[in-house]
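What follows is a single structure, written as structure tokens, with notes after it.
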Amino acid sequence: MSVRELVVLGTASQVPTRHRNHNGYLLRWDGQGLLFDPGEGTQRQMLRAGVAAHDLNRICITHFHGDHSLGLAGVIQRINLDRVPHPITAHYPATGGHFFDRLRHATAYHETVELTQLPVSADGELDRTASYVLEAHRLSHPVESYGYRLVEPDARRMLPERLAAHGISGPDVGRLLRDGELNGVTLDEVSEIRTGQRFAFVMDTRLCPGVHALAEGADMLVIESTFLDEDVQLAVDHGHLTAGQAAEAAAAAGVRHLVLTHFSQRYSDPQEFERQARAAGFTGELTIARDLMRVPLPKRT
Numbered sequence: 048m049s050v051r052e053l054v055v056l057g058t059a060s061q062v063p064t065r066h067r068n069h070n071g072y073l074l075r076w077d078g079q080g081l082l083f084d085p086g087e088g089t090q091r092q093m094l095r096a097g098v099a100a101h102d103l104n105r106i107c108i109t110h111f112h113g114d115h116s117l118g119l120a121g122v123i124q125r126i127n128l129d130r131v132p133h134p135i136t137a138h139y140p141a142t143g144g145h146f147f148d149r150l151r152h153a154t155a156y157h158e159t160v161e162l163t164q165l166p167v168s169a170d171g172e173l174d175r176t177a178s179y180v181l182e183a184h185r186l187s188h189p190v191e192s193y194g195y196r197l198v199e200p201d202a203r204r205m206l207p208e209r210l211a212a213h214g215i216s217g218p219d220v221g222r223l224l225r226d227g228e229l230n231g232v233t234l235d236e237v238s239e240i241r242t243g244q245r246f247a248f249v250m251d252t253r254l255c256p257g258v259h260a261l262a263e264g265a266d267m268l269v270i271e272s273t274f275l276d277e278d279v280q281l282a283v284d285h286g287h288l289t290a291g292q293a294a295e296a297a298a299a300a301g302v303r304h305l306v307l308t309h310f311s312q313r314y315s316d317p318q319e320f321e322r323q324a325r326a327a328g329f330t331g332e333l334t335i336a337r338d339l340m341r342v343p344l345p346k347r348t
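Using the working numbering, the first residue of the sequence shown is number 48, and each one after it goes up by one.
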């Protein structure tokens, strides 16, 4: 059975706390592992969460502030130390290429793994696999930043009761699916579109078109909420979101499961983020992220 879940490795913003490591998020998607924003300490958090270097297929960096990228050096070296047998692809803002290169070669080690660099320079599709399309959209932060989005292609769901009503079974189902018509019965008469799942990852940003584009129709949205609403001016000044802003964007986009994270160390009560998100009108499933928690994607509709 395919597994689709978020493994939270760290949830702090600029300053880690006793209970929150710097950022780090692993998305398990049908046997693939996508690591987002490995901040300092990610390699150890992976160990604590039961995530191996062999689980990684792709690394996505939203921007090159330390709490989102300083763990990259250790992660890359661990990938090579463990001799991961498959290629790994890295995405990051193209203007930060020199930061990526410095982190990749921060110290001496023996490279054993094929690491492909596919930097991001514009909105749109980055890569395509059999089970998802990876997209990026520009965000609004003091340094260049991009959010990421996985979109599963739509598929056909055959409806057994309609197939039976038309006397279609066995190999004929495959023929109908392949040809679109069988003995006067069309595919549309006995099936329906199954909308593909969507996952969005939005880190440091003000509200901007990119936030809304990434969140639109997402089954799960992982989004920063560095500040509470009473500190909205701090959020605007430093290129961040409040809990209420993140929740409003999620509600407007029809998000099914909202995961708030990237919390400032100034706040001691994480439940206040939940209260403000609900007050902003988000009624879907809501998770206030904690280090090392696992959050399954909503079941496919």
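Think of the CB as a built atom: it goes at the ideal place given N, C-alpha and C, for glycine as much as any other residue.
Taking the Cβ atoms as the reference, Met267 lies roughly 7 Å from Leu53, within the contact range of under 8 Å.
In this structure Val306 is in contact with Val342, their Cβ atoms being roughly 6 Å apart against a cut-off of 8 Å. Listed in chain order, the beta strand (DSSP E) elements of length 3 or more contained wholly in the stretch 234-270 are 238-241 and 245-249.
Closest option to Met340, judged by alpha-carbon separation, among Met93, Ser49 and Ala202: Met93.
In the displayed model, Met93 falls within a helix according to three-state DSSP. Inclusion of Thr142 and Glu191 in the CB contact set at 8 Å is warranted, their separation being smaller than that value. Distance from Leu234 to Asp219 at the Cβ level is roughly 12 Å; contact not present, criterion being Cβ atoms closer than 8 Å. For the stretch 142-223, the continuous alpha helix (DSSP H) assignments of 4+ residues that do not extend past its boundaries occur at 144-151 and 207-212, in sequence order. Counting along the chain, Gln323 sits inside the alpha helix (DSSP H) bounded by residues Gln318 to Ala326. Spanning the alpha carbons of Ala296 and His213 requires a straight line of approximately 45 Å. DSSP, reduced to helix, strand and coil, places Ala298 within a helical segment of the structure shown. Nearest neighbour of Val160 by Cα position, chosen from Gln124, Val279 and Gln280, turns out to be Gln124. Cβ-Cβ distances below 6 Å link Ile270 to Val249 and Ala293 in the same chain, with the five nearest sequence neighbours on each side left out; the list follows chain order. For Tyr156, the closest C-alpha among the options Pro140, Tyr195, Arg130 and Arg175 is that of Arg130.
Measuring C-alpha to C-alpha distances from His184 to each of Arg347, Ile108 and Gly86 identifies Ile108 as the nearest. Residue Gly121 holds the alpha-carbon nearest to the alpha-carbon of Arg149 among Ala265, Ala211 and Gly121.
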